[in-house]
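Heads up, the sequence shown is in our numbering, so the first residue is 465 and it goes up one at a time.
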Amino acid sequence: MAEAIVKQAFDLEKVSSQSENDLFYFVESDSVSSEKITALRYSYWKSVFRIFFKKKINWFLLGLFAFILLMSIFFPLIFPYDEMENVINTDSYFLSPAVAMSKYGVSLKWLLGTGPVGNSIFYGVWASAATSIALSFVCATINMALGIVIGAVWGYNKTLDSILNVVYNIIADVPYILIVSVMVYIIGSGFFPFVIALTITGWLGIAYFFRTQVLIIRDREYNLASRCLGTPILTVVKHNILPFLTSVIMTILATELPGYISYEVFLSYIGIGLSAETPSLGQMIERAQTGFISYPWAFWAPVTVASAITVILYVLGQNLADASDPRTHM
Numbered sequence: 465m466a467e468a469i470v471k472q473a474f475d476l477e478k479v480s481s482q483s484e485n486d487l488f489y490f491v492e493s494d495s496v497s498s499e500k501i502t503a504l505r506y507s508y509w510k511s512v513f514r515i516f517f518k519k520k521i522n523w524f525l526l527g528l529f530a531f532i533l534l535m536s537i538f539f540p541l542i543f544p545y546d547e548m549e550n551v552i553n554t555d556s557y558f559l560s561p562a563v564a565m566s567k568y569g570v571s572l573k574w575l576l577g578t579g580p581v582g583n584s585i586f587y588g589v590w591a592s593a594a595t596s597i598a599l600s601f602v603c604a605t606i607n608m609a610l611g612i613v614i615g616a617v618w619g620y621n622k623t624l625d626s627i628l629n630v631v632y633n634i635i636a637d638v639p640y641i642l643i644v645s646v647m648v649y650i651i652g653s654g655f656f657p658f659v660i661a662l663t664i665t666g667w668l669g670i671a672y673f674f675r676t677q678v679l680i681i682r683d684r685e686y687n688l689a690s691r692c693l694g695t696p697i698l699t700v701v702k703h704n705i706l707p708f709l710t711s712v713i714m715t716i717l718a719t720e721l722p723g724y725i726s727y728e729v730f731l732s733y734i735g736i737g738l739s740a741e742t743p744s745l746g747q748m749i750e751r752a753q754t755g756f757i758s759y760p761w762a763f764w765a766p767v768t769v770a771s772a773i774t775v776i777l778y779v780l781g782q783n784l785a786d787a788s789d790p791r792t793h794m
């Protein structure tokens, strides 16, 4: 009986020892592996686009803008627009779509009727939209590039700060529209003269805004540490300042892009926009404004396209600004 009890105790001890060996075992120490973090790899721009494309309205607006952009670029190449092709034929002035198609035959050319000089409204809208979109992107690129770079350095350099503050205070007191109007009268009204007129002082307000943003974050600990280590100002601006202001840059861009289209439409509407040989939405609106009640097709077609481009660019820019805020990447 005693032998059976001893044997049973020995078996229990053996099972217990085997269980402990199964549950506990030695792991080799690896200093490299211990530094690895078992977390998903974070990519800033992947997160931006993931948040941006999560909204279905952005897909719709991107598709609509892509359609407008493709029509503006390729349609005038395939079907050239000649505003004065029917100028000597007064019977072709301000024809409704139905009358124009009965007179000249069913065609896309007369889908929106004719304008004040017998011009095709449908052809003219796309040729004019190409000019307005190109003007907007060129001006926004120049003003944003100059404004961001100069504004970032402006916030760090005390000598530049004292000079540009005086320049900004003088120019800011003069209405921007007045400056553009005077520059158009001085240098002309072609496409590139108009770009110069819109950008000669347009970057200054953007630069002042970014100067203020840099003043807010330049004395944070990580920037002070970089400066103490002898890091050049431009490097600090490039790696420490500008990435922090990405969402702010997108917000400004959202207002700048449609803003230049509005300036072009307004200045052309009052008669000091682009030259007559350069088709633009503003010119089409200005020439059709006298008969917008009697001949609405000539007025509302360019107004609709200009409004659509402006709203699309603004909404997409605002949504991209929201998506570029790291606080939304949770």
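In this text, a Cβ means the ideal position worked out from N, Cα and C, and glycines have one as well.
Note that the structure is a prediction, hence the values are computed from the model and not measured.
Taking all protein chains shown into account, residue 685 has fewer than 16 neighbouring C-beta atoms within 10 Å of its C-beta and is therefore exposed. The DSSP-derived three-state label of residue 578 is strand. Looking at the DSSP output, residue 584 bridges to 578. Within the region 595–655, the alpha helix (DSSP H) runs of at least 4 residues that lie entirely inside it are, in chain order, 622–636 and 640–651.
By the Cβ criterion, the region 557–565 is not in contact with the region 502–522, since fewer than three pairs of Cβ atoms, one from each stretch, lie closer than 8 Å. If you ignore the 5 residues before and after residue 558, its C-beta comes within less than 8 Å of the C-beta of 577, 578, 579, 580, 755, 758, 759 and 762, all in its own chain and listed in chain order. Spanning the alpha carbons of residue 683 and residue 729 requires a straight line of approximately 43 Å. Taking every protein chain shown into account, the CB of residue 569 has fewer than 16 other CB atoms within 10 angstroms, so this residue is exposed. With fewer than 16 neighbouring CB atoms inside 10 Å of its own CB, residue 534 falls in the exposed class.
When the five nearest sequence neighbours on each side are left out, the beta carbons in the same chain lying within less than 7 Å of the beta carbon of residue 774 are those of 722, 725 and 726, in order along the chain. With a beta-carbon spacing of about 14 Å, residue 738 and residue 770 fall beyond the 8 Å limit used to define contacts. Just measuring C-alpha positions, the residue of 661, 519, 589 and 556 sitting nearest residue 768 is 589.
With 16 or more other CB atoms across the displayed protein chains lying within 10 angstroms of its CB, residue 644 is buried. Taking 3 residues as the shortest admissible run, the region 728–776 contains no complete beta strand (DSSP E) segment at all.
Taking the Cα positions, residue 623 is about 12 Å away from residue 630. Shown here, residue 528 sits in a helix according to DSSP, grouped into three states.
The closest CA to that of residue 677, considering only 648, 660 and 713, is found on 713. Residue nearest to residue 608 within the set 536, 544 and 666 is 666 (criterion: CA-CA distance). Here residue 753 is exposed. Its C-beta has fewer than 16 other C-beta atoms within 10 Å.
Residue 670 is not a Cβ neighbour of residue 619, given a cutoff of 7 Å. Every alpha helix (DSSP H) of 4 residues or more that sits fully in the region 518–569 is shown, in chain order, as 520–542 and 561–568.
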